[in-house]
Amino acid sequence: MMSIAGFEIVSVQTGTFRLDGGAMFGVVPKVLWAPREDVDAHNRILLATRTLIAVSRDRECVMLVDTGTGTKWADDEADRFEIRHDGSAIAAWLETGFGLAPADVTDIVVTHLHFDHNGGLSEWVGEPGGQTRLCFPQARHWVHRRHWEHVQRPTEKDRASFLSRDYEHLERSGVLRFVEGDAPESPWKGVRWFVSDGHTPGQLLPIFEEGDGGVMFTGDVFPTSSHLRVPWVMAYDNEPLKTIAEKHRILGWCREGRLQLAFPHDHRVGGAVLDFANDRALIAQPADL
Ligand SMILES: [Zn+2]
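Per our numbering, the very first residue in the sequence shown carries number 115; after that it's consecutive.
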C-alpha cells in the first residue's frame, strides 16, 4: 500500500481476461511481443483488470478508480475474452485493508466506459440479461463530458468496446458528475486530472501528487508495462499518434523522478517506478501498490 497526498492507495486485481495480442500491440510484430506475454492458442494474451482503491486519511473520500469487467456476462461472451471476474475482490480489500464496506465508497473515477474498465459499475438484479442496478449507488461517478458525449456516438472503430448495459442507467440514476475541459481541477487536494484523447476521447486519469512524488493511474495510455515502449500502441486506439504524444509527456514526468505509474491491465505488477536507459523506460522496481 502506498501513502501519498493524504491518501492510502492500493491496486486490487479484480480479475483476468484475454485480448488478441496483435490488437494489443498495433504495428509491433509478434516476434517482439510474444516472448514477454502469456499467449494462448487463439493468439490472445493474458491481461488483468485492476481497480485502484484510494482512501483519504480522514476517511471522507473512499475512491475507486475503475471497476473491471464486472459480472454481466453471458457464457459465450465470457468465453470469447476468457473473462474471470472476482466480484468480491473490491469488497474484500475494502474490509481487510481499510475496515470499510462497499456502501462506504464515496467516489468512482470512471476513466472510460470500455467494458473491460467499467462493466463492474453495475450488476444484474436477477436473471442474466435482465434489469441492472448500480453496485455503488451512493457514490459520485466522475466521467469526462467529452467521453460521455463520445459514448452516445462512438466511432465505428471503438463501438464494440461499449456495452449499453454498462452505462444506460447512469444518467437517470443521478450519480454522474461531469468533468469538463482540457485542464480541469479535481475536487480533492493532492489529486490532479490528466485528460487523454488518443485511446478514446476524454479518458480521465487521476494523478495523486505530494511534493516531488506522485502516482498516476495510466488507463489505456499504458495498459501494461509492456507498453512502456513508446511505439507499442494498441490497434484499438482511435488516434494512436495522440497516444504517442501523451506517452512522451507522462514519461517526461517519470524521468524527472516525480511520477510512478499504476497500470490497469498488467497481470505481473500493479505499478512501477521507472528507470531510463538510452531513452527507453524500464521498470526499476515494482511500485508499492
Ligand atoms: Zn479502453
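Every residue gets a Cβ at the ideal spot worked out from N, C-alpha and C, and that includes glycine.
Item, Value
"Start-to-end residues for the alpha helix (DSSP H) that takes in residue 228", "Per DSSP, residue 228 belongs to no alpha helix (DSSP H) and is neither H nor E."
"Residue 411: first and last residue of the uninterrupted beta strand (DSSP E) it sits in", "Missing from the structure shown is residue 411; the chain here goes from 115 to 403 and no further."
"Residue 125 versus 398, 390, 143, 382, residue with shortest Cα-Cα distance", "382"
"For residue 333, the nearest candidate out of 256, 313, 340, 246 (CA to CA)", "313"
"CB-CB length for residue 195 against residue 132, believed under 8 Å", "6 Å"
"Span of the alpha helix (DSSP H) around residue 266", "259–266"
"Heavy atom of ligand 1 within 8 Å of residue 281 beta-carbon", "no"
"Residues near residue 203 in its chain [Cβ-Cβ closer than 6 Å; skip 5 each side]", "126, 128"
"Classification of residue 380 by the beta-carbon crowding that lies within 10 angstroms, buried from 16 upward", "buried"
"Backbone CA spacing between residue 261 and residue 296 [nearest angstrom]", "12 Å"
"N- and C-terminal bounds of the alpha helix (DSSP H) containing residue 394", "Segment 394–400 is the beta strand (DSSP E) holding residue 394; no alpha helix (DSSP H) there."
"Distance cut-off 8 Å: residue 117 Cβ against heavy atoms of ligand 1", "no"
"Classification of residue 232 by the beta-carbon crowding that lies within 10 angstroms, buried from 16 upward", "buried"
"Alpha helix (DSSP H) segments (min. 4 residues) lying fully within the segment 277–345", "284–287"
"Three-state class that DSSP yields for residue 136 in the structure shown", "helix"
"Candidates 342, 354, 140, of which the one nearest residue 394 by Cα", "342"
"Among 279, 144, 211, 193, nearest to residue 408 - alpha-carbon criterion", "Because the chain is modelled from 115 through 403, residue 408 falls outside the range shown and cannot be assessed."
"Residue 247 beta carbon less than 9 Å from that of residue 263", "no"
"Proximity test, residue 313 beta-carbon vs ligand 1 heavy atom, cut-off 8 Å", "yes"
"Nonlocal neighbours in the same chain, by C-beta distance under 8 Å from residue 208, ignoring five residues either side", "167, 176, 214, 215, 216, 218, 219"
"Run of the beta strand (DSSP E) containing residue 373, from where it starts to where it stops", "Run containing residue 373: none; DSSP gives neither H nor E here."
"Residue list, Cβ distance to ligand 1 heavy atoms smaller than 5 Å", "228, 334"
"Alpha-carbon spacing of residue 367 relative to residue 242, whole angstroms", "45 Å"
"Spatially closest choice to residue 377 from 181, 165, 307, by CA coordinates", "165"
"At least 3 beta-carbon pairs within less than 8 Å: the segment 305–322 vs the segment 253–260", "yes"
"Contact set for residue 400: own chain, Cβ-Cβ below 8 Å, skip 5 residues either direction", "383, 384, 385, 386, 387"
"Residue environment, residue 340, which counts as buried when at least 16 other CB atoms sit within 10 Å", "buried"
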